[in-house]
Amino acid sequence: MVELAEEWRSIVKGAVQRGEVGGVSLLFIKDGKEICWLGEGYADRENKREIKRDTIFRLYSMTKPVTAVAAMILAEDGAFDLKQPVGDFLPAFRDSQVWCGDHREPADRPILIEDLLMMTSGLTYGDNDTVPELAARKLLSEVEEGLKDERPMTTLEFAERAGRIPLLFQPGASWKYGISADILGAVIEKAAHKTFGEFLEERIFTPLGMKDTGFYVPEEKRDRLAKAYIRDEENRLVQYEGSFLGIRNRMDRKAVYESGGAGLVSTIEDYSVFARMLLDRGSFGKTRILNPEAVDRMLNAGLNDRQQAAFDGWFGQKGYRYGCLMRVLQDPAAAVSPGLKGEYCWDGWLGCSFFNYPRENMTLLVMQQQLNGGDVVTGVKKALVRRMEGRERGQEG
């Protein structure tokens, strides 16, 4: 493992020196023991503020697994059933309609909570130009505009507006990456009778000791928040200061719209605890968050053939199946990126990623704040897979 850590350091350091990334934090844990932490480059390139272990990162879509766990907690509590209609909690979803090319039709059945967990709801982020996707894009733009106002859109207001947008397909008929997790956050808020953020704090963050995770960064911690970067037209790294998906980039105000799909910030230390809780099937040390059966259900939910075909075609997901707001590697030989059978994972828009390996009892996290920073993650994973497969061959021989 010492050689693997040195290879990782070379990969990460090289990417920083070549200007491919501003800074990277990497943490690897095996059999419950930390093997290595690496921090290379800067959290703030302009002011030469180095990446540290307590650097705070915007998670973006790495928020989704947290939202999935919150939903499973409430299901265990009996606050809702996963097959319960979303409209039982959010009235705007009681009479969902579907866009059929040039007109709307009533949905064949209600959107269920499990549709939100599995992205089979028909809701979308708006990455194409169909009527539903244009409407979703407009709604997210309004959330972003509202961040400039004194009264921004709330989690429940967002869900109310989203419920009026026609679905891209009949509930359960296909798979589409979209705002399902954000709507799930609103369902959790209604079912828990408290804000989504309060529920996460009470049932996940505080019990696990995740002291630096939340929907904003308090003033006393703000100097630990990493800057975000994108590439300009000349391929140079420049600061990103926008508010993508309704998330305030500065994270300097308490969020009113608490996005279940993209809104959290965290440190590599905090998220490693969350990941290890999942790896240990719902518990961390003496703290139990979920029963093992609930974690198993999250990972083994699966899609039907039609849904899976849609998932396979989304950014090269072949070889993976979809669990509850995470992907699970079923066939490494078919996958575009390197991996080990059974790994489950998710990543975020600015390059944060986590990977759990149940068979090998390992957790790998890579944190960065750069759009299209996936090359570093791919290099790190290639090194891990190569060495783990080599160890297996050596043991067999």
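Using UniProt numbering, you'd call the opening residue of the sequence shown number 1 and step up by one each time. Here a beta-carbon is modelled for each residue, glycine too, at the ideal position from N, C-alpha and C.
Inter-residue Cα distance where the pair is G22 and P292: 39 Å
field: Rounded straight-line distance, which links the Cα of L38 to that of G163
entry: 44 Å
field: For W37, the residue or residues it bridges with in DSSP
entry: L27
message: Can you check whether the C-beta of K318 is within less than 8 Å of a C-beta belonging to chain D?
response: Looking for chain D here will not work: only one protein chain is present.
Cβ separation of K64 and L325, assumed to be a contact under 8 Å, to the nearest whole Å: 4 Å
query: Straight-line CA distance for T67 to A181?
result: 7 Å
query: How about S25 and M367: are their beta carbons less than 8 Å apart?
result: yes
task: Sort I35, Q17 and L117 by Cα distance to G261 and report the nearest one.
output: L117
message: Starting from Q307, trace the alpha helix (DSSP H) in both directions and tell me its first and last residue.
response: D305 to D312
- request: Going by DSSP, name the residue or residues bridged to A43.
  value: The partner list for A43 (beta bridge, DSSP) is empty, contrary to what the question assumes.
query: How far does the alpha helix (DSSP H) with P132 in it reach, from first residue to last?
result: V131 to G146
- prompt: For the beta strand (DSSP E) that I230 lies in, which residues bound it at each end?
  reply: A228 to R231
- prompt: Applying the criterion that 16 or more other CB atoms from any shown protein chain within 10 Å of the CB defines a buried residue, is T206 buried or exposed?
  reply: exposed
message: Looking only at its chain, what residues have a beta carbon closer than 7 Å to the beta carbon of G242, apart from the 5 residues adjacent to it on each side?
response: N249
field: Local conformation of V265 per DSSP, three classes
entry: strand
query: What are the boundary residues of the beta strand (DSSP E) that S353 is part of?
result: S353 to Y357
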